[in-house]
Each structure stands twice: as structure tokens, then as C-alpha cells.
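Q: Just so it is clear: in the sequence shown, position 32 is 32 by UniProt numbering, and no numbers are missing. Don't be surprised by glycine CBs; every beta carbon is placed ideally from N, CA and C. As the structure is a computational prediction, the values presented were derived from the model and not from experiment. Dumping the structure here so I can ask a few things about it.
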Amino acid sequence: MRKIKCLLAAAALLCLLPVWTLAEYGVIRGGRLNLRAEPHAGSERLGQYDSGTWVEIRYQTGSWYYVTLPDGAVGYMSANYIEADNTPDGSYGVIENPDGYVNLRKTPSLSAEVLARFDSGTQVDILSQNTGWYQVRVSGLTGFMVSDLIRLGDVRPVDYAVVSTPNGNSVNLRGGPYVDAPRLSSWQPGTSVEILVKGKDWHKVRVGGTIGFMSAQYLTAPSNYDSEQSVLVYYGVVDNPKPTQVLNLRQQPSLDAKVLGYYSNGTQVKVLSLGNTWYEVLVGSQRGYMMAQYIYLTGQSGTEVIRLTARLVNPNGGSVVNFRADPSLYAKVLGSYSVGTRVTVVEPGVDWTRVNIGNRTGYVSSYFLEYGP
1 MRKIKCLLAA AALLCLLPVW TLAEYGVIRG GRLNLRAEPH AGSERLGQYD
51 SGTWVEIRYQ TGSWYYVTLP DGAVGYMSAN YIEADNTPDG SYGVIENPDG
101 YVNLRKTPSL SAEVLARFDS GTQVDILSQN TGWYQVRVSG LTGFMVSDLI
151 RLGDVRPVDY AVVSTPNGNS VNLRGGPYVD APRLSSWQPG TSVEILVKGK
201 DWHKVRVGGT IGFMSAQYLT APSNYDSEQS VLVYYGVVDN PKPTQVLNLR
251 QQPSLDAKVL GYYSNGTQVK VLSLGNTWYE VLVGSQRGYM MAQYIYLTGQ
301 SGTEVIRLTA RLVNPNGGSV VNFRADPSLY AKVLGSYSVG TRVTVVEPGV
351 DWTRVNIGNR TGYVSSYFLE YGP
């Protein structure tokens, strides 16, 4: 935590608070904690707050923090029962490649012009994301790097979750642990999330390359997915504005995501998840996302058993793909499987996908999966 030494210009005044700190967040741990009017245990109690409540730390004096609570209350809390949050904010990553360097390319393609090479350990600012690529800024240059070779932030997740809402709407990633904090981005149900710090009502998370806060009520733990699931599907047809147009089926709910197929008017689709902008759909044996405004729902629905498979590929030219215990480059490698191996997808994600290979469940970088028969 950065510190600012107390400076007083008037010679007659003494600096009574030895150290001030910039506003940071922290989480109450170990049970209900008193908020007091002054920084000592005998001071007036202003309220009590549950373990897991986020506080904004304004400064520290001795063993006490001066804090602001989510309900707007201010006062002092014992620093011994507050876990100060030292995880990074914003969106950045660190190059991590066993070969020692990563190419910065002009466009998100392995055949694109190389603008520069940067060694492992170099920090980059992440500007946006394509499937398998990050647009980054490093040393004054802007270009694209393979996302699988960039470790996001410098902190390990404490848990994993999946975005889940009762109405299919997206969930906001915010700059602070409260509903009025600036919105950083929005994420569709089913998106995989790394939890960095757990709170009671809010978690600090990393999703899609950005670190921020999400409401805990919209995050559920990844279950032990069955490769075959009975799900409620809604039936619809592709309905483009013009009969000559086709609708893209994309790997993720983004206009930058990989296109899995093109479909003309009248093509029947099964909608697995409803959203305001995107529907998760099944077209034949291919599962992906289509823009909701171009799908006409017939009003019919039914329960079907859905099974999704994919094939391992390696656009970098390698012959094998690593199968890991957790969605991280640091996770244990359960095995290395040849390109072309068919896997059962149990939890699609932007960066990592949970899959079954044989009788084992683990994770493969989404960059190395190709959907379809």
C-alpha cells in the first residue's frame, strides 16, 4: 500500500498521524467488526458489519483504519481484522513464453507483420481481446500478441466461478464493490470468472483480461458438469433483414470472436440461453453465439439432451496441446494430446474451456479448440 508522509506547514502544529495511505479497498475477516468514532476500543460504536464486507480504506493510524462502508458510514476499524486488498487493478499482463520472447504483430494473425519482439517478464497493457489474441500496448507500440502466452496480472485466483443470472441478462464488471461504481464491461451468463478476493456481497475478479468487481449473487461455482445435459431449449429460425444475407455463428458472444459458420434465412436453431444482444445457440452439431435481433423465436420450447464436442488444433504449428488441471498456465499438466483429438466440452470460456478427455476433466486453452463435427 502506497504511503504519504504527513506534512504540516505551520510550525506550531505537530503531525499527530504518522502515516497516511491512499484510498484502497479491504475486506472484513473473522466475524462482525465494530465501526468506531475514534481509533481505540473504548470509543463510541457506530455500527457492526459482517465478515466479507468490503470497506474503502482512507488512511491508517497505528493499528486502525479510517474507512468508508458501503452504506456511506465512516469511522475507524481495527486493521487486525481487515484484509487489505493488494491485487492489481485494471487490465494488464506479463509475457510468459518458454521460448523466451513473444512477437508483437500488426494484426491478430500468425502471418501478420512482426512489429517487435519482447522478452518474457515484460509487462503489457491489454487494450482489447480477440479469440486467441490480445491487443496490447508495450513500450509505446500497439499491436497483437497470442493470449495464451500472456499471464494476466501478477496474482493467482483463489477460486473460479461462472456468470449466472435468472433472466439471461449480462452482468456488469465494475471498478469498485458497489452498484454505482464505474462499469468496466458486461459479460454473458456462462462466462468463466477467476475470483481474486472473496467478499460477502462482491468479489474481486478477473474476466476477459480485466480486473474489477462483480456482484456475488450472479456468480456460481462451476459444477461437475455432465457431458450430456438435459436443458430447456427455445426453437427459432434465422431471420436476416435481407434474403441474400447470412448470419454468423461465433465462438464467443463478440463481434471479434471466431466465425464458426454462416447461415441463411430459415435455418433452424435451438436457443440454449437467451440474452439481450446474443443468444447461445445450437445449429446442427455446432454450438456458438448469434446476435439475438436476427433470430425469430417461434414460441415453442422443449427439453433436450445437449452434448458438445470439439477438436484439438494448434494454430502455432505444434503437434500436441496441453490438458491442465486448472484454467492457468501454471496449473499441473494432466497430459499432452495430439492435434485432432476429439474432446467433450463441459464449460466453454473466453480464455479457458473445461473439457472431458477420456474419464478425466480438466482445462484446455480455448485458442486450441475447433468446434464442429
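Comparing C-alpha positions only, which one of 328, 253, 268 and 47 sits nearest to residue 300?
A: Cα-wise, what sits closest to residue 300 is 268.
Q: Using CA atoms only, rank isn't needed, just tell me which of 44, 76 and 48 is closest to residue 59.
A: Among 44, 76 and 48, the Cα nearest to that of residue 59 is on 76.
Q: So, under 8 Å CB-CB, residue 216 and residue 199 are touching, yes? Tell me the CB distance rounded to an integer number of Å.
A: Confirmed, Cβ separation roughly 7 Å.
Q: Return the CA-CA distance between residue 114 and residue 142, expressed in angstroms with no decimal places.
A: Cα to Cα, the separation comes out at about 11 Å.
Q: Within 8 Å (strictly less), CB to CB, does residue 214 reach chain D?
A: Checking the listed chains, one finds no chain D in this structure; it contains a single protein chain.
Q: DSSP puts residue 101 in a beta bridge; with which residues?
A: Bridge partners of residue 101: 119.
Q: What are the partner residues of residue 203, as DSSP defines its beta bridges?
A: According to DSSP, residue 203 bridges with 214.
Q: Considering only the alpha carbon of each residue, which of 186, 322 and 144 lies closest to residue 128?
A: Considering only alpha carbons, the answer is 144.
Q: With a 10 Å radius around its C-beta and 16 neighbouring C-beta atoms as the bar for buried, classify residue 4 as buried or exposed.
A: Model confidence at residue 4 stands at a pLDDT of 31, short of 50, so the residue's coordinates are unreliable; what they give is reported in the following sentence. With fewer than 16 other Cβ atoms within 10 Å, it is exposed.
Q: Quick check on DSSP: helix, strand or coil for residue 79?
A: Note: residue 79 maps to helix in three-state DSSP.
Q: So, do the segment 339 to 352 and the segment 304 to 319 have three or more beta carbon pairs nearer to each other than 8 Å?
A: At 8 Å Cβ cutoff, the stretches touch.
Q: If you reduce the DSSP assignment to three classes, tell me which class residue 262 lands in.
A: Note: residue 262 maps to strand in three-state DSSP.
Q: Kindly identify the DSSP beta-bridge partner or partners of residue 338.
A: Note: residue 338 sits in a beta bridge opposite 320.
Q: Per the contact definition of three or more C-beta pairs closer than 8 Å, is the segment 276 to 291 in contact with the segment 319 to 328?
A: Too few Cβ pairs lie closer than 8 Å, so no.
Q: When we look at the beta-carbon of residue 40 and count the other beta-carbons within 10 Å, is it buried (16 or more) or exposed?
A: It counts as exposed.
Q: Determine which residues share a DSSP beta bridge with residue 332 and list them.
A: Looking at the DSSP assignment, residue 332 forms no beta bridge with any residue, so it has no partner.
Q: Assign residue 190 to buried or exposed, taking buried as 16 or more other Cβ atoms, counted over all protein chains shown, within 10 Å of its Cβ.
A: Residue 190 comes out buried.
Q: Could you say which of 85, 195 and 183 lies nearest to residue 375 if we only look at CA atoms?
A: In the structure as shown, the chain begins at 1 and stops at 373. Residue 375 is therefore absent and cannot be evaluated.
Q: Strictly by DSSP, which residues pair up with residue 135?
A: In DSSP, residue 135 forms a bridge with 128 and 144.
Q: For residue 295, which of helix, strand or coil comes out of DSSP?
A: Strand at residue 295.
Q: Roughly how many angstroms lie between the CA atoms of residue 225 and residue 271, to the nearest whole one?
A: Low confidence applies here, because residue 225 scores a pLDDT of 40, under 50, leaving its location unreliable; read the following figure in that light. The straight-line gap from Cα to Cα measures roughly 19 Å.
Q: Would you mind giving the Cβ-Cβ distance between residue 369 and residue 353, rounded to the nearest angstrom? I have them listed as a contact below 8 Å.
A: Indeed they touch by this definition, with Cβ atoms about 6 Å apart.
Q: To the nearest angstrom, report how far apart residue 194 and residue 203 are at their CA atoms.
A: C-alpha separation (whole angstroms): 10 Å.
Q: On a Cα-Cα basis, can you pick out the residue from 34, 176 and 158 that is closest to residue 197?
A: When each option's Cα is compared against that of residue 197, the closest is 158.
Q: Starting from residue 409, trace the beta strand (DSSP E) both ways and give me its first and last residue.
A: Here the chain comprises residues numbered 1 to 373, so residue 409 is not present and cannot be evaluated.
Q: According to the neighbour-count rule (16 or more other Cβ atoms, all chains shown, within 10 Å of its Cβ), is residue 32 buried or exposed?
A: So residue 32 counts as exposed.
Q: Taking C-alpha atoms, which residue in 72, 69, 65 and 71 lies nearest to residue 78?
A: Residue 78 has its Cα closest to that of 65, out of 72, 69, 65 and 71.
Q: For the segment 104 to 118 against the segment 157 to 171, are there 3 or more C-beta pairs whose distance is under 8 Å?
A: No, because fewer than three Cβ pairs between the segment 104 to 118 and the segment 157 to 171 fall closer than 8 Å, the two stretches do not touch.
Q: In whole angstroms, what separates the C-alpha of residue 374 from that of residue 121?
A: This structure gives no information on residue 374, because the portion of the chain shown stretches from 1 to 373.
Q: Short of 7 Å in beta carbon distance, which residues of its chain neighbour residue 63, apart from the five on each side in sequence? Order them along the chain.
A: Correct list, in chain order: 78, 79 and 80.
Q: For residue 351 and residue 51, I'd like the C-alpha separation in whole angstroms.
A: Those two C-alpha atoms are separated by around 32 Å.
Q: Using the Cα positions of residue 168 and residue 296, report the straight-line distance between them to the nearest angstrom.
A: When rounded, the distance between both Cα atoms is 17 Å.
Q: Looking only at its own chain, which residues have a Cβ that is under 7 Å from the Cβ of residue 54, when we skip the five neighbours before and after it?
A: Around residue 54: 25, 27, 70, 177, 199 and 202.
Q: Can the beta-carbon of residue 188 be found closer than 8 Å to that of residue 249?
A: Against a cut-off of 8 Å, the Cβ pair of residue 249 and residue 188 comes out as no contact.
Q: Threshold first: 4 residues or longer. Then list the alpha helix (DSSP H) segments lying entirely within the UniProt domain "SH3b" (23 to 86), N to C.
A: List check, alpha helix (DSSP H) in window: nothing returned.
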